[in-house]
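Worksheet for the structure shown next.
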Amino acid sequence: MIGRLKGILLEVKAPDILIDVHGVAYDVKAPLSTCYRLPEVGQEIILLTHLAVREDAHTLFGFIDKHERALFRSLIKVNGIGPKLALTILSSIDSHDFVNAIRNEDLTRLVRLPGIGKKTAERLLIEMADKLDEWEIDLAQQLPLSDNKPRAVIDEAQAALVSLGFKPQEAMKILKQIPAEGLSAEELLRKALQALS
Numbered sequence: 014m015i016g017r018l019k020g021i022l023l024e025v026k027a028p029d030i031l032i033d034v035h036g037v038a039y040d041v042k043a044p045l046s047t048c049y050r051l052p053e054v055g056q057e058i059i060l061l062t063h064l065a066v067r068e069d070a071h072t073l074f075g076f077i078d079k080h081e082r083a084l085f086r087s088l089i090k091v092n093g094i095g096p097k098l099a100l101t102i103l104s105s106i107d108s109h110d111f112v113n114a115i116r117n118e119d120l121t122r123l124v125r126l127p128g129i130g131k132k133t134a135e136r137l138l139i140e141m142a143d144k145l146d147e148w149e150i151d152l153a154q155q156l157p158l159s160d161n162k163p164r165a166v167i168d169e170a171q172a173a174l175v176s177l178g179f180k181p182q183e184a185m186k187i188l189k190q191i192p193a194e195g196l197s198a199e200e201l202l203r204k205a206l207q208a209l210s
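Just so we're aligned, residue 14 is where the sequence shown starts under our numbering, counting upward by one.
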């Protein structure tokens, strides 16, 4: 199994990433959270990977850190959650927030995720509860919820910019230049669009 790729970033069209490893180009699917944190095209990149093998396809999934990959691997073990839906989940919610939703049995938060209905959310709560240790995420080291707000606001603004056609790297670059403290995602998006125009 391919567990790690180190090479030159050739192209990003979220969720697809193309990486040149010694002349061989690997097509990797990655959650938006990973796409937002990629370097500029042409720079070196290291991704942790998971190879999903099916009868009709071999698909390589890439993650910027071990926590996301561990969460992805736990998700695909849940009945009814395949790699595609797991990728959608990781693109829609921060891994720490997802862990908190499972720990707090927050069914409402889970149902708001794309592709997750009430029955699937209930299954996630039951089957994921005993897998928290596998994710290797130390929740005690997380910032208080109030301090997490800028990160959540930035993530939401980035997703909005990408949906408007901006490249993930371009969106991240401009958002890093705008202080997010005290701004809503809508206000941050407006400032970013002004800066980009």
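All C-beta atoms, glycine included, are put in the ideal place defined by N, C-alpha and C. Fair warning: this is a prediction, and the values are worked out from it, not measured in the lab.
Residue i to residue j span [Cα, whole Å]
i	j	result
L51	I58	8 angstroms
A153	S105	Bear in mind that the predicted position of A153 carries a pLDDT of just 38, short of 50, making it unreliable; the figure below should be weighed with that in mind. Distance between the alpha carbons of A153 and S105: 23 angstroms.
G20	M141	33 angstroms
E183	E200	18 angstroms
K189	E68	43 angstroms
R122	A114	7 angstroms
A170	A38	31 angstroms
K132	K90	16 angstroms
G55	L22	5 angstroms
I94	L88	6 angstroms
L60	M185	19 angstroms
Cβ neighbours of residue i in the same chain (closer than 6 angstroms, five flanking residues each side left out)
i	result
T101	P127 and G128
Proximity to residue i [Cα-Cα], best of the options
i	options	result
C48	D110, H35, F74 and R67	F74
K97	L45, K79 and H35	L45
A43	V37, G36 and I32	I32
D107	K90, T133 and D168	D168
E194	A165, E118, A208 and N117	A165
A134	D143, K144 and E118	E118
A99	D110, L84 and I15	L84
G36	V25, E53, L18 and M14	L18
For residue i, the three-state DSSP class (helix, strand or coil)
i	result
L177	coil
L126	coil
E24	strand
K204	helix
L18	strand
K144	helix
P192	coil
K90	coil
N117	coil
D107	coil
Nonlocal neighbours in the same chain, by C-beta distance under 7 angstroms from residue i, ignoring five residues either side
i	result
R86	H63
A27	L45, C48, V175 and P181
Close Cβ partners of residue i (< 8 angstroms) along its chain, the five nearest in sequence each way excluded
i	result
I191	L201, K204, A205 and A208
N92	R136 and E140
Residue i at chain B interface by Cβ criterion, 8 angstroms
i	result
L177	Of the chains in the structure shown, none is chain B; there is only one protein chain.
query = In chain order, which alpha helix (DSSP H) runs of at least 4 residues are fully inside the region 30-84?
reply = List check, alpha helix (DSSP H) in window: 45-48.
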